[in-house]
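Visitor: Quick one: this structure, given as structure tokens, is what I'll be asking you about.
Residue numbers (the working numbering): -10 to 136.
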């Protein structure tokens, strides 16, 4: 089994309204992130937000695809991992297709937009967050990395 690594560095500061990503994968990776959108941007808290990942897959990626999220918040003492609470935070899901109900599965070869809606409540503090996402498939394909 091969792990896919996705890392997204998103500054979710509602006041600043800034975010960025970088595709850190290699040219041979099966899944390439080509664009990231957060709508609405800048985010308002509380609100419904859609994270749209524009990807280009060079081959089909068949489910189940184990998905591990590691969410960290930057603080004055360093990055602190956000625990998994009610399915939000640093969580593990047995299958990406179950987690991302709005995504098409299996992930087919070609260009796709994966829309991931999320409710952002007032309990989510503003600030800079980094997200590391690892997808593990039985097919042996490689993914992409973001930061």
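Even glycine gets a Cβ: it sits at the ideal position worked out from N, Cα and C.
State the CB to CB distance for the pair residue 58 and residue 109, rounded to an integer number of angstroms; the pair is presumed to be in contact (CB under 8 angstroms).
Guide: Here residue 58 corresponds to residue number 69 of the chain shown, with the count starting at 1. Here residue 109 corresponds to residue number 120 of the chain shown, with the count starting at 1. That belief does not hold up - the Cβ atoms of residue 58 and residue 109 are roughly 15 angstroms apart, past 8 angstroms.
Visitor: On the three-state DSSP scale, how would you describe residue 19?
Guide: One-based indexing of the chain shown puts residue 19 at position 30. Three-state DSSP puts residue 19 in coil, outside helix and strand.
Visitor: Taking the Cβ atom as the reference point for each residue, do residue 71 and residue 78 lie within a distance shorter than 8 angstroms?
Guide: The residue given as residue 71 occupies position 82 in the chain shown. The residue given as residue 78 occupies position 89 in the chain shown. Contact flag set, yes.
Visitor: Starting from residue 38, trace the beta strand (DSSP E) both ways and give me its first and last residue.
Guide: Your numbering for residue 38 matches position 49 in the chain shown. Unbroken beta strand (DSSP E) run through residue 38: 36 to 46.
Visitor: CB residue 105 to CB residue 10, shorter than 8 angstroms?
Guide: Counting from one through the chain shown, the residue named residue 105 turns up at place 116. Counting from one through the chain shown, the residue named residue 10 turns up at place 21. No, the Cβ-Cβ distance between residue 105 and residue 10 is not below 8 angstroms.
Visitor: State the Cα-Cα distance for the pair residue 22 and residue 76, rounded to the nearest angstrom.
Guide: For the purposes of this step, residue 22 is taken as residue 33 along the chain shown, with counting starting at 1. For the purposes of this step, residue 76 is taken as residue 87 along the chain shown, with counting starting at 1. Roughly 24 angstroms between the two C-alpha positions.
Visitor: With a threshold of 8 angstroms on Cβ separation, who are the neighbours of residue 171 within its own chain once the five nearest residues in sequence on each side are excluded?
Guide: Because the chain in this structure spans residues -10 to 136, residue 171 falls outside the shown range and cannot be described.
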